[in-house]
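First up is the structure itself, then whatever we jot down about it.
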Amino acid sequence: MQVLTFTCALLVVAPLVLVFYHLVYSGIGAVSWDFFTKLPKPVGETGGGMANAIVGTFILLSIAALIGVPIGVLGGVYLSEYGSSKLNWWIRFWADVLNGVPSIIWGMVVYALVVLPMKGFSAWAGGIVLGMMMIPLIMRTTEEVLQLVPNGYREAALALGIAQWRTIVQIVVRTALKGIVTGVLLALARVAGETAPLLFTAFGNRFWNHNLSDPIAALPLQIFSYAISPYEDWHRQAWAGALVLLLLITAINVSVRVLTRDRFHK
Amino acid sequence: MTTGEKDFTPVAKAQPPRSAAAMPALTVKNLSVYFGTHQVLKNVSLAIRARAVTAVIGPSGCGKSTFLRSLNRMHELVPEARMEGEIRLFGQDIYAGNVEPVIVRRRVGMVFQKSNPFPTMSIADNVTVGLRLNGIRTRSVLAERTEHSLRMAALWDEVKDRLHAPAISLSGGQQQRLCIARALAVQPEVLLMDEPASALDPLATAKIEDLILELKKDFTIVIVTHNMQQAARMSDDTAFFYLGELVEFGATDKIFTSPTQKRTEDYVTGRFG
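Just so you know, the sequences run in chain order A and B.
Heads up: the first sequence runs through residues 226 to 491, numbered per this note's numbering.
Heads up: the second sequence runs through residues 1037 to 1309, numbered per this note's numbering.
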């Protein structure tokens, strides 16, 4: 029995190790200073980099955070601190359904809601779709960590004559702040690698984006278009892009670990 | 929230004058409390003397905690709670339509069974949180109030050198005295205590009891306790609740030595409960 479970556990970890090994093996050669600082070269020329895609991913994540964090956190606060249990059940149910919606459908929705009215692909649309995907994720984790705050703290604050909204902001949210930040970072890591919804919204761009109403490059999009291209040089760059993206997401996950570490030591 | 600074002037807030000691701090008239359709308190009437310790005793589920919480409107946190009757704090109806619960709770403070200092704050910040979150920012006022409150709670000498250490670094008994200091810092007139020593060891309990006897010189104290000896030792008046009714209320000596009700006698002599 132990051998069987150990084998299965190994099988879970093995793909990650293999993927990581293969990414490093194939991608490390193309990761260079140019890769981080140069624009893509036209077809046929070698060299060039993905600077615009790296910056684009950060811009898209910033727009997404601007939308997803306030709405998600405040929604989570509502679920945990206000709201009737019946209404909350429905909100929770819909949030969980939204968490399971395939990302390409999110892309189609934002295509219809933003891209068509704006008559063009844009960084806004890409940021909005990622932000919308973050909302239910952040809302649920925020609610969960707020529920972990013992009721005694709420009562103690209210018994001091502190108004309820101040109690929530200064006592409850502050006590759970690390958990909320963790939830936000995990949501960012989750959407950072999304490709499908960006195909309909951010679209991708081979040059710098100078206006958020224009299409913008993103690492996953760039990887996608390079990987399906017929050029050997682009394939190597796609590997490098995948490696950078994986490292970015790993960095976010590691910072989550660091943030949450002393929480469990208390 | 608009709360005037004048509510928290550094000079000690005028307690009702000694001459008014004859006036009860709290007058409860025909109080009934319901949670949904369940009636938890039935037609309770009593008067709580100012600058005295009133003990509330009774078996679990008799409504004594609910009674305590109705005195500063904390029972309203239960969504389906509703009350009938009247409670007056030094003559003022605390359930009148124009009275905000937050104002009532500033005048009637509360200490809970489980000590609950805020874990994100230092010792000093815990003491002043009720002032700071109600708009008092003047450093000198906060520092003065920190020392005064910690002295009243008999904790100053133990923590004066580490006021900025985390509150949760204190021992259980110290944490409970910190919670008392926190409640005192907003200068309430009445202090409600819900089994404040039941989670503490005998030594820490003794300290809390000494403290309560000291505090009754300036405050009106209502304490819920499971511990009959504690009630007999510390209180001036005792209220015995059973199944949501106030069975008997009177001077503690009388309740414990010659109660008029059979049920009171059975309870205080340990025949049930």
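Positions of the beta carbon are idealized from the N, C-alpha and C atoms, including for glycine.
(Q) So, with DSSP's three-state summary, where would you put K1078 of chain B? (A) Secondary structure of K1078 of chain B (DSSP, three-state): strand.
Run through the DSSP bridge pairs and tell me what D1230 of chain B is partnered with. The partner list for D1230 of chain B (beta bridge, DSSP) reads B:V1260.
*In the segment 1203-1253 of chain B, which residue ranges form an unbroken alpha helix (DSSP H) of at least 4 residues, counting only runs that do not cross its ends?*
Runs found: 1208-1221, 1238-1251.
Cβ-based neighbour list, L423 of chain A, same chain, cut-off 6 angstroms, excluding 5 preceding and 5 following: Once the five neighbours on either side are set aside, the close Cβ partners of L423 of chain A are G351, A443, L446.
**Message:** Please identify the residue among B:K1243, B:V1138, B:V1147 whose C-alpha is closest to the C-alpha of A1190 of chain B.
**Reply:** Proximity to A1190 of chain B across B:K1243, B:V1138, B:V1147 peaks at B:K1243, based on C-alpha coordinates.
How big is the Cα-Cα spacing for F261 of chain A and G274 of chain A? Rounded to whole angstroms, F261 of chain A to G274 of chain A spans 6 angstroms at the Cα level.
Minimum Cβ-Cβ distance from L385 of chain A to chain B less than 7 angstroms = Chain B contact via Cβ: present.
Task: Straight-line Cα distance separating M364 of chain A from T1073 of chain B - done: Spanning the two alpha carbons is a distance of roughly 34 angstroms.
Same chain only: Cβ atoms within 7 angstroms of N478 of chain A, ignoring 5 sequence neighbours per side
Hits under 7 angstroms: A414.
Nearest by alpha-carbon distance to G345 of chain A: which of A:E369, A:L286, A:I441 is it?
The option with the nearest alpha carbon to G345 of chain A is A:I441.
Selected residue, minimal CA-CA separation from A1240 of chain B, among B:K1100, B:L1206, B:A1219: Considering only alpha carbons, the answer is B:L1206.
Those residues which DSSP pairs with K1013 of chain B across a bridge: Shown here, chain B extends from 1037 to 1309; a query on residue 1013 of chain B therefore has no answer.
For this session: Can you give me the start and stop residues for the alpha helix (DSSP H) that I333 of chain A sits inside?
Result: Note that residue 333 of chain A is Met in the sequence shown, not Ile. Per DSSP, M333 of chain A belongs to the alpha helix (DSSP H) from 328-335.
Rounded separation between A255 of chain A and L472 of chain A - CA only
Approximately 15 angstroms between the Cα atoms of the pair.
**Asked** Across which residues does DSSP place P1060 of chain B in a beta bridge pair?
**Response** DSSP lists B:R1085 as partners of P1060 of chain B.
Proximal chain A residues relative to N1152 of chain B, where beta-carbon distance stays under 8 angstroms: Simply P375, G377, Y378, E380, A381.
Since I believe Y336 of chain A is in contact with T426 of chain A (beta carbons under 8 angstroms), could you give me their beta-carbon distance rounded to a whole number of angstroms? Right, their Cβ atoms sit about 6 angstroms apart.
Review point. Mapping DSSP to helix, strand and coil, what is Y378 of chain A?
Key: Y378 of chain A sits in a helix when the DSSP states are folded into three classes.
*Could you tell me which chain B residues have their CB closer than 7 angstroms to the CB of Q395 of chain A, listed as they occur along the chain?*
By Cβ distance, chain B contributes L1169.
Please report the residue range of the beta strand (DSSP E) in which D1273 of chain B lies. First-last of the beta strand (DSSP E) with D1273 of chain B: 1273-1278.
Using a Cβ cut-off of 9 angstroms, which residues of the segment 1216-1248 of chain B contact any Cβ in chain A, in chain order?
Under the 9 angstroms Cβ criterion, the segment 1216-1248 of chain B contributes R1218, A1219, A1221, V1222, P1224, L1228.
Do G1121 of chain B and L1067 of chain B have their C-beta atoms within less than 7 angstroms of each other? Yes, the pair counts as a contact, with Cβ atoms nearer than the cut-off.
| message | Need the endpoints of the alpha helix (DSSP H) that E270 of chain A sits in, please. | response | Neither: E270 of chain A is in no alpha helix (DSSP H) and is coded neither H nor E.
Next item on the list: My understanding is that E306 of chain A touches L371 of chain A, with C-beta atoms under 8 angstroms, so please give their C-beta distance in whole angstroms.
Entry: Indeed, because the Cβ distance is near 7 angstroms, the residues count as touching under 8 angstroms.
Margin query: Within 7 angstroms of any Cβ in chain B, is that where the Cβ of T400 of chain A sits?
Written below: Chain B contact via Cβ: present.
Margin query: Would the segment 1213-1220 of chain B count as touching the segment 1078-1096 of chain B if we require 3 or more Cβ pairs under 8 angstroms?
Written below: These segments do not touch.
Review point. With a CB to CB cut of under 7 angstroms and the five nearest residues on each side skipped, what residues in its chain are close to T1164 of chain B?
Key: Counting only Cβ-Cβ distances below 7 angstroms, and skipping sequence neighbours, we find L1178, R1181, T1182, A1221.
_Please report the distance separating the alpha-carbon of D1302 of chain B from that of L1227 of chain B._
So the two alpha carbons sit approximately 29 angstroms from each other.
Beta carbon of L1313 of chain B, beta carbon of L1125 of chain B: below 7 angstroms?
No answer is possible for residue 1313 of chain B: it lies beyond the span of chain B, which begins at 1037 and ends at 1309.
Taking the beta strand (DSSP E) that F1285 of chain B belongs to, which residues open and close that run? Here the beta strand (DSSP E) through F1285 of chain B covers 1281-1287.
Just to confirm, are Y378 of chain A and N1152 of chain B a CB contact at a threshold of 7 angstroms? In this structure, N1152 of chain B lies closer than 7 angstroms to Y378 of chain A by Cβ.
Over the uninterrupted alpha helix (DSSP H) stretch that includes I1130 of chain B, give me the two end residues.
Element bounds for I1130 of chain B: n/a, residue is neither H nor E.
| request: Please report the residue range of the beta strand (DSSP E) in which W414 of chain A lies. | output: At residue 414 of chain A the sequence reads Ala, which differs from the Trp that was named. From DSSP, A414 of chain A is part of no beta strand (DSSP E) but of the alpha helix (DSSP H) over 402-417.
Would you mind working out which of B:H1200, B:H1262, B:L1186, B:S1294 sits nearest K1100 of chain B, comparing C-alpha positions? Measuring from the Cα of K1100 of chain B, the nearest candidate turns out to be B:H1262.
Could you please tell me which residues of the segment 1165-1197 of chain B, in chain order, have their CB closer than 8 angstroms to any CB of chain A? Contact residues of the segment 1165-1197 of chain B toward chain A are V1165, G1166, L1169, N1170 (C-beta to C-beta distance below 8 angstroms).
**OP:** Go through its chain and collect everything with a Cβ distance to L410 of chain A's Cβ below 6 angstroms, but skip five positions before and after it.
**Re:** The answer, listed in chain order, is I477, V481.
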